[in-house]
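**Student:** What the sequence shown shows, in the UniProt record's numbering, is residues 1 to 344, in sequence order. Idealized CB from N, CA, C, for every residue including glycine.
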Amino acid sequence: MKQIVQTGPEAVEVQQGNRPSPDPNEVLVRVHTAGLCGSDAHAYRYDGGYEWIPIPRIMGHEYSGEVVSVGEEVTSVSTGQRVVEEPIHHCGDCFQCDNGQENVCQNFSITGMHRDGAYAEYTVVEPHHLHSIPDDVGLGSAAITEPTSIAARAVFDQSSVTPGDTVLVEGPGPIGSLIACITDSMGANVLVSGLGQDTTARLPRLDSIGVDTIDVESESIEERVDERTDGLGFDVVFDTTGHRSGIETAVEVTRKGGQVVVVGLPGDPSSLFMTPLVRGEIEVNTSYGSTWTNFEQALRLMENGAIDPDDIVDTSFSVSEPATAFEAFLDSKTIKPLFDFDGT
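1) Between N189, S220, G173, S159, which lies nearest to H243 when the distance is taken from Cα to Cα?
2) Give the range of the alpha helix (DSSP H) segment to which Q297 is assigned.
3) Going by DSSP in three states, Y44 sits in which element: helix, strand or coil?
4) Looking only at C-alpha atoms, which of C105, E252, C97 sits nearest to T275?
5) Exposed or buried, E121, counting other C-beta atoms within 10 Å across all chains shown (16 or more means buried)?
6) Could you tell me how far apart the beta carbons of V77 and P127 are, in whole angstroms, since I believe they sit closer than 8 angstroms?
7) Is it the case that the Cβ atoms of V161 and T183 are separated by a distance below 9 angstroms?
8) Is it right to say K256 is buried, meaning 16 or more other beta carbons lie within 10 angstroms of its own, or is it exposed?
9) Buried or exposed: where does R45 fall if 16 or more other Cβ atoms within 10 Å of its Cβ makes it buried?
10) Can you tell me which of R30, P269, P204 puts its alpha carbon nearest to the alpha carbon of K333?
11) Measuring only the C-alpha atoms, how far is P322 from D230?
12) Within the continuous alpha helix (DSSP H) that includes F95, where are the two ends?
13) If you drop the 5 nearest sequence neighbours on each side, which residues of the same chain put their C-beta closer than 7 angstroms to that of S141?
14) Check each candidate in I247, V263, A188 and name the one with the smallest Cα separation from S271.
15) List, from N- to C-terminal side, the alpha helix (DSSP H) runs of 4 residues or more that fit wholly inside the stretch 250 to 281.
16) Keeping to the same chain, check which residues put their C-beta closer than 7 angstroms to that of E102; ignore five residues upstream and five downstream.
17) For a test of the three-state rule: what should DSSP assign to N218, helix, strand or coil?
18) Could you tell me the distance, in whole angstroms, from the CA atom of V29 to the CA atom of T111?
19) Can at least three beta-carbon pairs, one atom from the stretch 34 to 41 and one from the stretch 51 to 68, be found at a separation below 8 angstroms?
20) Taking all protein chains shown into account, decide if G289 is buried (16 or more other Cβ within 10 angstroms of its Cβ) or exposed.
21) In chain order, what residues of the same chain have a beta carbon less than 8 angstroms from the beta carbon of N107, not counting five sequence neighbours either side?
22) Please go through the same chain and pick out, in chain order, the residues whose beta-carbon is closer than 6 angstroms to the beta-carbon of Q297, but skip the five residues on each side of it.
23) Comparing C-alpha positions only, which one of S318, G80, E222, R57 sits nearest to F234?
24) Just to confirm my understanding: we take T324, look at its own chain, exclude 5 residues before and 5 after, and list those with CB closer than 7 angstroms. What are they?
25) When burial is assigned at 16 or more other CB atoms within 10 Å of the CB, is T254 buried or exposed?
26) So the candidates are N99, A306, V5, P22; which of them puts its Cα closest to the Cα of A43?
27) Tell me whether E26 sits in a helix, a strand or coil according to DSSP, three-state version.
28) Please report how far the alpha carbon of G171 lies from the alpha carbon of E73, in whole angstroms.
29) Can you give me the C-alpha to C-alpha distance between P337 and I312, rounded to a whole angstrom?
30) Exposed or buried, what is I55 when buried is set at 16 or more other beta-carbons lying within 10 Å of its beta-carbon?
31) Sorted by chain position, which residues of the same chain lie with C-beta nearer than 6 angstroms to L195's C-beta, five sequence neighbours on each side aside?
32) Which full runs of the alpha helix (DSSP H) of 4+ residues lie inside the stretch 299 to 336, going along the chain?
33) Using the DSSP secondary-structure output, state which residues sit across from V169 in a beta bridge.
34) What does a CB cutoff of less than 7 angstroms around G8 pick up in its chain, not counting 5 residues either side in sequence?
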């Protein structure tokens with residue numbers, strides 16, 4: 001089978017490999033479509049915090065596909081079933097898992113990092129990690145279920161957003177764009193901020209679907225705060241930038257009594273001044289990963305049309321030239337590249 005393998009820092013190859021065989025408690029999934037996300041890009045560059053990934057490694061954890069065979073002990077799924085995988089597997093035994101916080105499991109593992117992933121024509125997985133795709137959601141669309149579930153958790157579980165709220169989303173990458181789409185569908189007044197590099201593709205793509213944007217390198221965020229909030233500040237700010245400046249700016253533009261939700265993972269420590277937070281009773285919350293419920297929410301959001309994957313996905317990249325997709329993503333020239341393995 002054809003597979004995309006990381007062979008070193010910023011080195012990926014398309015190789016021919018053997019089709020995996022499911023163990024008695026596993027199923028074999030024929031991959032239809034697989035997405036590229038920020039963690040894949042960090043792994044591709046072997047950034048700090050990703051050097052532990054064994055190389056060579058078949059990458060990929062966001063995917064959709066069809067079950068083509070099942071192990072002899074499997075009874076919960078059947079061949080022909082269209083599925084997506086929860087790629088972050090929790091241990092089920094630690095305190096957090098017992099406490100209903102499996103998204104922050106102490107002993108989690110990730111498909112495509114701890115084990116070979118879904119940038120291949122076939123992959124194997126235990127069935128309890130799978131979700132069935134609704135009939136009205138296409139296989140290509142379902143490939144972004146995992147990032148949509150992360151956005152759903154940030155909005156529904158970790159934020160206080162309600163219809164009519166003023167919302168700023170910092171960062172127009174995949175998660176930021178999906179958070180913007182979800183909050184916009186709820187009736188919030190949404191603004192997405194980005195940098196000059198985002199004006200090539202990401203900000204214009206959001207503008208085209210009716211989400212307001214700002215390039216903070218060429219426009220004044222303070223003026224936009226005054227314009228959109230009568231000078232009060234945003235009700236809720238989501239920081240998806242993955243840079244320490246994101247939360248620092250978020251605190252400055254959030255109203256007293258408002259909320260900041262940090263979703264990105266800054267690599268450097270922040271020098272956040274806490275006094276304005278305390279005096280303004282600004283809540284700072286975080287959001288990491290997603291749960292089974294968030295996956296189901298993501299699928300329903302696509303099923304009922306609240307989220308249209310076509311608004312952010314990019315199917316122009318070829319499985320045969322994967323490095324092109326990684327470099328375009330890192331250069332902010334696309335929001336969500338997808339690899340089509342069904343056509344290979």
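**Tutor:** To lay it out plainly:
1) G173
2) 292 to 303
3) helix
4) Out of C105, E252, C97, E252 has the C-alpha closest to the C-alpha of T275.
5) buried
6) 5 angstroms
7) yes
8) By the C-beta density criterion, K256 is exposed, having fewer than 16 other C-beta atoms within 10 angstroms.
9) exposed
10) The shortest Cα separation from K333 among R30, P269, P204 belongs to P204.
11) 46 angstroms
12) 95 to 98
13) Contacts found: M302, P309.
14) I247
15) Runs found: 275 to 280.
16) These residues qualify, in order along the chain: H90, Q96, T291.
17) According to the sequence as given, residue 218 is Ser; it is not Asn. Looking at S218 - three-state DSSP - the assignment turns out to be coil, as it is neither helix nor strand.
18) 14 angstroms
19) yes
20) Classification of G289: buried, given that the 10 Å Cβ count is 16 or more.
21) Correct list, in chain order: H90, C91, D93, C94.
22) A152
23) Here the closest residue by C-alpha is E222.
24) F317
25) buried
26) The shortest C-alpha separation from A43 is found at V5.
27) Reduced to three states, the DSSP call for E26 is coil.
28) 45 angstroms
29) 9 angstroms
30) exposed
31) E217
32) 322 to 330
33) V192, F238
34) I55
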